[in-house]
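Residue numbers (this note's numbering): 17 to 377.
Working notes for the structure below.
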Amino acid sequence: MEIEVHLCADKVKPPALDKLAFGKVFTPHMFIMDYEANRGWHSPRVIPFRKIELHPAAIVLHYSQTIFEGLKAYHGVDGKIRLFRPWDNIARLNRSAERLCIPKVDPDLALKALKTLIWIDRDWIPKEKGSALYIRPFIFGSEGALGVKPSSEYLFVIILCPVSAYYEEGFNPISIYVTDRYVRAFPGGTGDVKAGGNYAASLKAQEEAKTLGYTQILWLDAVERKYVEEVGTMNIFFYIEDKLVTPELTGSILPGITRDSLLKLATHLGLKAMERRISIDEVIEGAKSGALSECFGTGTAAVISPVGKIYYKGEEVLINNGETGPLAKRFFDYLTGLQYGEIDDEFQWTVVLEDPFRQSQ
Ligand SMILES: *Cc1c(COP(=O)(O)O)cnc(C)c1O
């Protein structure tokens, strides 16, 4: 399928791209494609950024039949624009689609859509190291019909936001609050896919943690409220007695691409890495004894988010004296080094963006 391009009548200049609040500034164009049950996906196009009109009974508004992805385009030190493992985001988008009875998209077309849209708005990619263009693909059921069933109509949309460096005030550790009252996901649920409803359901716990003075929530498993699953909207890692440990994918953990990259990178750096169940008691005891020397969250937005303090059952414990550890720093430097083209990409994780219009001739 060819992607039609309708550019804005006037070229819109990007604003000063410093100090951008995350997700509030959007580029001048967007990608959109329609689905109807009898036609399949059709009419892929890049158009000027605009509001979307919805039927008040649109399935997404009532029953949350919606999924999304999040990735970034980076302006490298060599002037090249890079994407990081974009095909993994597209594969995950299709796994999310499958789980929510949303029709899958052709991965090649989705990657072409990403590349075309980013190329058109490439002047909006901030150049400062740490800043990037955040890419948000999403699909939702748009049929206007009340009744709990899969929508017969969908929209696949991609929007772009220039974002500042996540760590403007340095690589400072966050504090986390362990909740045994709320759960994020459960066996048989949708915790292992990026479904919109997961995030609506997590807001209450997150708000309570904030009120108590903590940055993020640490989620335990839903069945025993004993095993660590994730932190906020990030995967979690522990460095325990020279072993890098992250909870194994049990079905209620989101398989993060940063998580997977770290597991592969650890082996490459000569570290022992393992995926296994890890109880909150082991974490708290390890922090006290010093066996646990580092803890950090991983995800596309922050890359690595060091954890300095954990609250659990009336008690606060510090990890590494509340400071960022060397391993968190090392992973952060390595991954951002790849993303900004400073390190030779032995993993072939990055995709350098080229003019999609020239390629197609
Ligand atoms: C997106 C997300 C992550 C991180 O995934 P990345 O692919 O590394 O960005 C982790 N946990 C949850 C719940 C998420 O939604």
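Each residue gets a CB set at the ideal place from its N, CA and C atoms; glycine is no exception.
With contact defined as three or more Cβ pairs closer than 8 Å, the region 67 to 77 and the region 155 to 162 are in contact. The Cβ-Cβ distance between residue 134 and residue 89 falls below 7 Å. Assignment of beta strand (DSSP E) within the region 66 to 132, counting only whole runs of 3 or more residues, yields 82 to 84, 87 to 91, 97 to 100 in chain order. Unbroken beta strand (DSSP E) stretches of 3 residues or longer found wholly inside the region 208 to 271: 232 to 236, 244 to 247, 251 to 256, 259 to 262, given in chain order.
Among the bridge pairs identified by DSSP, residue 175 is matched with 152. Taking residue 181 as the centre and dropping the five residues before and after it, the same chain places the C-beta of 144, 145, 146, 147 closer than 8 Å to its C-beta, in chain order. With respect to residue 24, residue 64 sits close: the two C-beta atoms are nearer than 7 Å. Counting the other Cβ atoms within 10 Å of the Cβ of residue 284 gives fewer than 16, which makes it exposed.
Around the beta carbon of residue 373, fewer than 16 other beta carbons lie within 10 angstroms, which makes this residue exposed.
For residue 299, the enclosing alpha helix (DSSP H) starts and ends at 296 to 305. In the displayed model, residue 61 falls within a strand according to three-state DSSP. DSSP places residue 277 within a helical segment (H, G or I) once states are collapsed to three. About 6 Å separates the beta carbon of residue 256 from that of residue 302, a gap short enough to meet the 8 Å contact definition.
The C-beta of residue 117 has fewer than 16 other C-beta atoms within 10 Å across all chains shown, which makes the residue exposed. Short note on residue 210: C-beta closer than 6 Å to some heavy atom of ligand 1. Following the DSSP letters along the chain, one finds residue 349 inside the alpha helix (DSSP H) bounded by residues 342 to 355. Beta-bridge partners assigned by DSSP to residue 291: 262.
The distance from the Cβ of residue 154 to that of residue 84 is about 4 Å, consistent with a contact at the 8 Å cut-off. Exclusion of the five residues before and after residue 216 leaves 80 as the residues of its chain whose Cβ lies within less than 8 Å of its Cβ. In the structure shown, the three-state DSSP call for residue 22 is coil. Note on residue 297: under 16 other CB atoms within 10 angstroms of its CB, so exposed under the neighbour-count rule. Taking 7 Å as the cut-off, the beta carbon of residue 149 is found no closer than this to the beta carbon of residue 189.
For residue 246, the shortest C-beta to heavy atom distance toward ligand 1 is below 6 Å.
Relative to the non-hydrogen atoms of ligand 1, the Cβ of residue 70 never comes closer than 6 Å to any of them. With a contact defined as Cβ atoms closer than 8 Å, residue 176 and residue 43 qualify at about 4 Å. A distance of 7 Å or more separates the beta carbons of residue 242 and residue 167.
When only Cα atoms are considered, residue 139 and residue 35 end up about 17 Å apart. In the DSSP annotation of this structure, residue 199 is not part of any beta strand (DSSP E), being labelled neither H nor E. Per DSSP, the beta bridge partners of residue 331 are 328.
Under the 10 Å beta carbon count, residue 201 is surrounded by 16 or more other beta carbons and is classified as buried.
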